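Student: Going line by line, the protein sequences match chains A and B. One rule links them: number in this note's numbering = place in the first sequence (from 1) + 253. One point on numbering: in this note's numbering, the residue at position 183 of the second sequence is 179, and numbering is uninterrupted.
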Amino acid sequence: MSKTVPQLTIVNRLHVLRAEQRLTQEQLAKEVGVTRATIVAIEGGGYNPSLELAFRIARFFKTDIQTIFSVEEETI
Amino acid sequence: MKRFDSLLLRAFLYVLPLFILLAVFAYLYSTGAVDRNAPYAKFLNSLGGLAIALEMALSLCLSFRLLISAPFRDHVIARITLIRERDEREAHLTGKAARTTFVTSLALLILLFCLSCFQVSLYRVPPEKAVDGKTGMITLGLGLHFLNDGKLERPEETIQKKDIFSYQGLPVSSTSVILLLIAWQIISYNYSMRRLMK
Chain A
254 MSKTVPQLTI
264 VNRLHVLRAE
274 QRLTQEQLAK
284 EVGVTRATIV
294 AIEGGGYNPS
304 LELAFRIARF
314 FKTDIQTIFS
324 VEEETI
Chain B
-3 MKRFDSLLLR
7 AFLYVLPLFI
17 LLAVFAYLYS
27 TGAVDRNAPY
37 AKFLNSLGGL
47 AIALEMALSL
57 CLSFRLLISA
67 PFRDHVIARI
77 TLIRERDERE
87 AHLTGKAART
97 TFVTSLALLI
107 LLFCLSCFQV
117 SLYRVPPEKA
127 VDGKTGMITL
137 GLGLHFLNDG
147 KLERPEETIQ
157 KKDIFSYQGL
167 PVSSTSVILL
177 LIAWQIISYN
187 YSMRRLMK
């Protein structure tokens, strides 16, 4: 009897917030202390940031984490 | 200690190319490809010995420091592979690349182990020892030799066979195997890391 564990997909609105503030990926990367490649990977969904980085991004945009990152549930 | 580690690593990496060049020269010297009476040959051969002694001493210190110091390990991996972890994503990729390197190295080690144990011999026996009129024989075996002198050689007179083909253990020296493994680790890590970072 194995329980079906829902697969969580994390989506983000980082590119939207960045566009609203007219920031380049390079500028945002510098502000939150990562490389531009990491911002590209987060926006593309290829990398989920750590809690620390998520909080840094949220703090930079003066909002909470849920506004930027949300969860879509999928069942496997 | 940080300064000592940095000096140690620099000395090791700067002596390494000289060590490789002198090792190639020493090999040519020992095979007679280089004129042994030339004054530069003796000097370079002596210098090679000194470089080997120095590199060995540095390797011992380096290995000891690598075993006990975690920050030094991070520093060394960045210098050897020319890849630095600039943020958390790259640290995450380092883990993935290290896992790939570990698993591929393990696979290579298992392959080398199997090859070192495998024995095959294709030979002919004299007509009086033919089995069902057949003089061509093939033997397959698995030999585990834990010590270098642990091989049991069968006396020739009891076999009286003529080898057509024979394979026993790895056809390369233990030095070559170790060098192959070192190169594999570095190349595999570098390749995995660069592929993941794309």
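Yeah, the Cβ is synthetic: ideal placement off N, Cα and C, and Gly gets one too. Computed from a predicted model, the values in this text were never measured in an experiment.
#1: Determine the extent of the alpha helix (DSSP H) in which B/L14 is found, giving its start and end residues.
#2: Entirely within the region 77 to 117 of chain B and at least 4 residues each: give me those alpha helix (DSSP H) ranges in chain order.
#3: Do A/A282 and A/R289 have their beta-carbon atoms positioned less than 8 angstroms apart in this structure?
#4: Starting from the beta carbon of A/L306, find every residue of chain B whose beta carbon is closer than 9 angstroms, and list them in chain order.
#5: Grab me the residues of A/L270's own chain with a C-beta within less than 7 angstroms of its C-beta, minus the 5 sequence neighbours each way, in chain order.
#6: For a test of the three-state rule: what should DSSP assign to A/P259, helix, strand or coil?
#7: Can you tell me which of the three DSSP states A/Q274 falls into?
#8: Taking only beta-carbon atoms, is A/T291 less than 8 angstroms away from chain B?
#9: Can you tell me the Cα-Cα spacing of B/K125 and B/T131, whole angstroms?
#10: Run through chain B and tell me which residues come within less than 9 angstroms of A/T288, C-beta to C-beta.
#11: For the alpha helix (DSSP H) containing B/G137, name the first residue and the last one.
#12: Going by Cα to Cα distance, which pick from A/G286, A/P259, A/E296 is closest to A/E358?
#13: Relative to the ligand GTP, is the shortest distance from any of its heavy atoms to the C-beta of B/I182 smaller than 7 angstroms?
#14: Pair every Cβ in the region 61 to 72 of chain B with every Cβ in the region 172 to 180 of chain B, then say whether three or more of these pairs are closer than 8 angstroms.
#15: Given this structure, state the Cα-to-Cα distance separating B/S170 from B/L40, to the nearest angstrom.
#16: Hey, would you say B/L12 sits closer than 8 angstroms to B/A93, going by beta carbons?
#17: Taking the continuous beta strand (DSSP E) assigned at B/Y163, which residues delimit it?
#18: Could you give the first and the last residue of the continuous alpha helix (DSSP H) run that contains B/R190?
#19: Classify B/N33: buried if its beta carbon has 16 or more other beta carbons within 10 angstroms, exposed otherwise.
#20: Let me see if you follow: with CB-CB separation under 8 angstroms, is A/A294 close to chain B or not?
#21: Is the shortest distance between the beta-carbon of A/S323 and the beta-carbons of chain B less than 8 angstroms?
#22: How should B/A87 be labelled, buried or exposed, when 16 other C-beta atoms within 10 angstroms of its C-beta is the threshold for buried?
#23: Quick check: A/V295 and A/L267, are their CB atoms within less than 8 angstroms of each other?
#24: Please report the distance separating the alpha-carbon of B/L56 from that of B/L4.
#25: So, helix, strand or coil for B/F60, using DSSP?
#26: Return the chain-ordered list of same chain residues with a C-beta closer than 7 angstroms to the C-beta of B/T97, the five sequence neighbours on each side being excluded.
#27: My output table needs one value for B/F142: the three-state DSSP class, helix, strand or coil.
Tutor: Reading off the structure:
#1: -2 to 27
#2: 84 to 113
#3: yes
#4: D83, E84, R85
#5: F314, I321
#6: strand
#7: coil
#8: yes
#9: 7 angstroms
#10: R82, D83, R85, E86
#11: Looking at the DSSP string, B/G137 is not in any alpha helix (DSSP H); the run it does join, the beta strand (DSSP E), is 132 to 138.
#12: Because chain A is modelled from 254 through 329, residue 358 of chain A falls outside the range shown and cannot be assessed.
#13: The ligand GTP is not part of the structure shown, which contains no ligands of any sort.
#14: no
#15: 26 angstroms
#16: no
#17: 158 to 164
#18: 170 to 193
#19: exposed
#20: yes
#21: no
#22: exposed
#23: According to the sequence displayed, residue 295 of chain A carries Ile and not Val. Yes, these two residues count as a Cβ contact at 8 angstroms.
#24: 11 angstroms
#25: helix
#26: Q181, S184, Y185, S188
#27: coil
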